[in-house]
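Colleague: My questions will all concern the structure given below.
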Amino acid sequence: MSTITRTLTNLWRVGIKVSDTKAGTLVGVDRFGNKYFENNEELPLRTRWVDYKNSDFDAAQIEPGWHAWMSYTVEKPPSQDPLLAYKRRVWEDTDAKTIPNYTGTWGAYKPYSTVKSKITMWEPTAVERK
C-alpha cells in the first residue's frame with residue numbers, strides 16, 4: 002500500500018498509469034521484452050520490480066538471472082554481470098518462449114502409479130428383500 006505523498010510524487014514523475022504508480026530507473030530488458038526497474042528511495046524489499054510485456058503475466062516469464070536479482074540474491078543485474086546474462090544452450094530452441102505454469106489447472110502434472118493398490122474399496126452387498 003502506498004502513501005499519498007509517494008503516490009502524488011510518482012504521479013508527478015511518471016504520469017497517470019493503469020498499474021501501481023512507481024517511478025524508477027530502467028535497469029534492463031530481457032529477451033522476452035520484460036522491463037526491470039529499480040528505485041532505492043522506495044520501502045525496503047520493494048525497490049525492484051518488473052513491468053511484464055504481456056498482460057497475462059506469470060512469474061515463469063522471468064529468466065533465472067533476473068529472478069535472482071529481483072529476489073535480492075545478487076547485487077548486480079544480468080545486464081551488468083556476464084555470469085548472470087542469458088546464454089542460449091545448444092539444446093534450446095532459437096525462438097524466445099516460456100513454459101507456462103499449469104499449477105491449479107487441468108494441464109497440471111499428475112503422477113500415476115503402475116503398482117497395484119494395497120487398499121481395495123469397500124463394495125456393499127445388498128440382499129434382496131422378500
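Oh and the sequence shown: position 17 is 18 in the numbering used here, straight run, nothing missing.
All residues carry an ideal CB built from backbone N, CA and C; glycine is no exception.
#1: If you reduce the DSSP assignment to three classes, tell me which class residue 150 lands in.
#2: Under three-state DSSP, which class holds residue 26?
#3: Mapping DSSP to helix, strand and coil, what is residue 2?
#4: With a floor of 4 residues, list each alpha helix (DSSP H) that falls wholly inside the region 45-101, ordered by position along the chain.
#5: Under 8 Å by Cβ, that's how I've got residue 54 and residue 34 pegged, so tell me the actual separation to the nearest angstrom.
#6: Report the CB separation of residue 23 from residue 50 in whole angstroms; it is logged as a contact under 8 Å.
#7: Below 8 Å on the Cβ atoms is my contact criterion, and I expect residue 38 with residue 52 to pass it. Report the Cβ-Cβ distance as a whole number of Å.
Modeller: Per the coordinate set shown:
#1: Lying outside 2 to 131, the shown extent of the chain, residue 150 is not represented and no answer is given.
#2: Looking up residue 26 in the sequence shown gives position 25. Three-state DSSP puts residue 26 in a strand.
#3: As a working note, residue 2 is residue 1 in the sequence shown. Residue placement at residue 2 cannot be trusted, given a pLDDT of 49 that sits under 50; the coordinates are not used to answer.
#4: 65-71
#5: The residue labelled residue 54 in the question sits at position 53 within the sequence shown. The residue labelled residue 34 in the question sits at position 33 within the sequence shown. Contact holds; Cβ gap of about 4 Å.
#6: Residue mapping note: residue 23 aligns to position 22 of the sequence shown, counting from 1. Residue mapping note: residue 50 aligns to position 49 of the sequence shown, counting from 1. About 6 Å separates the two Cβ atoms, so the contact holds.
#7: Indexing the sequence shown from 1 puts residue 38 at position 37. Indexing the sequence shown from 1 puts residue 52 at position 51. About 7 Å; that satisfies the 8 Å criterion.
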